[in-house]
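In this text, residue positions in the sequence shown follow my numbering: the first is 22, and each later residue adds one.
Okay, structure first, notes after.
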Amino acid sequence: FVLPFVDCCNPGTEKIIEHYNATWQDLSQFLDTKEEIWMTKIKSPTNGYECFRWQQNVRQGNTYDFMEYKRKGPQTKSMRLRAKLYNSTERPVMKIRHYTEGEDRGYDYTLQYWQPEEKCALLRFPGENCGQFTWKSHIGNTSSCDEAYHTMCSYATLPVFKPSCLRKIDICIGLPSRC
């Protein structure tokens, strides 16, 4: 039995509360893909970087090894990262660090929301930041997750994802084009 609740800011709209109480199983489902996971929205500036995506290398038990890619202009940077997955807090946490750093290093990314039909999650991370992450196959089909982002994270959204992120860009010509 799932209880809906009414959104304070949009009278008449109902949301399914179960998606707002992210669980360990939700974190596992979110990461259980060989697809790229794209950051589609973020609350805070990213130093000019955009087109953030994760690609799983290996998932063993509570360890998740992956590549993070991000773009600034025509340059794409990659970094091998490792996350230790924890279920000992109120909500499930990924402690993400550089692959070569010790387990005492890293930053907590807490799963706030998971929408399994839309393959979309909201993660809260350092600096009171919040991001929306979506499996590649579901980008553009995340209306419930978008609504949750505005409720839980912010109406302010910085443009870290656009359709051109899905294309490889070799060179940008002319004035800054955000290509």
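Beta carbons: idealized from backbone N, C-alpha and C, even for Gly.
**Q.** Same chain, Cβ closer than 7 Å to C174, neighbours up to 5 away in sequence not counted
**A.** Your numbering for residue 174 matches position 153 in the sequence shown. Hits under 7 Å: K64, L143 and C151.
Q. For H119, is the beta carbon positioned less than 7 Å from some heavy atom of the ligand ADP?
A. Although the ligand ADP was asked about, the structure shown includes no ligands whatsoever.
Q. So what does DSSP say about Y41, is it helix, strand or coil?
A. Along the sequence shown, read from residue 1 onward, the residue named residue 41 stands at position 20. Three-state result, Y41: helix.
Q: Look at the alpha carbon of I160 and the alpha carbon of L179, and state the distance between them as a whole number of angstroms.
A: Here residue 160 is taken as the residue at index 139 of the sequence shown, counted from 1. Here residue 179 is taken as the residue at index 158 of the sequence shown, counted from 1. One Cα belongs to I160, the other to L179, and the distance between them is close to 16 Å.
Q. Are W75 and T155 closer than 8 Å when you measure CB to CB?
A. Your numbering for residue 75 matches position 54 in the sequence shown. Your numbering for residue 155 matches position 134 in the sequence shown. No, the pair does not count as a contact, with Cβ atoms beyond the cut-off.
Q) Is it the case that the Cβ atoms of R112 and T84 are separated by a distance below 8 Å? A) Start at 1 with the first residue of the sequence shown, and residue 112 comes out as number 91. Start at 1 with the first residue of the sequence shown, and residue 84 comes out as number 63. In this structure, the beta-carbon distance from R112 to T84 does not fall below 8 Å.
Q. Taking Cβ positions, are L132 and F51 nearer each other than 8 Å?
A. Against the sequence shown, residue 132 aligns to sequence position 111. Against the sequence shown, residue 51 aligns to sequence position 30. Their beta carbons are under 8 Å apart, which means L132 touches F51 by this criterion.
**Q.** Limits of the alpha helix (DSSP H) - the one that Y170 falls within
**A.** One-based indexing of the sequence shown puts residue 170 at position 149. Per DSSP, Y170 belongs to the alpha helix (DSSP H) from S164 to M173.
Q: Count the other C-beta atoms from every protein chain shown that fall within 10 angstroms of the C-beta of R92, then say buried if there are 16 or more, exposed otherwise.
A: Taking the first residue of the sequence shown as position 1, residue 92 is located at position 71. Taking every protein chain shown into account, the CB of R92 has 16 or more other CB atoms within 10 angstroms, so this residue is buried.
Q) For K55, which of helix, strand or coil comes out of DSSP? A) Within the sequence shown, residue 55 is the residue found at index 34, counting from 1. The answer is coil: DSSP assigns K55 none of H, G, I, E or B.
Q) Taking Cβ positions, are Q81 and K55 nearer each other than 8 Å? A) In the sequence shown, the residue the question calls residue 81 occupies position 60. In the sequence shown, the residue the question calls residue 55 occupies position 34. For the 8 Å CB-CB criterion, Q81 and K55 do not form a contact.
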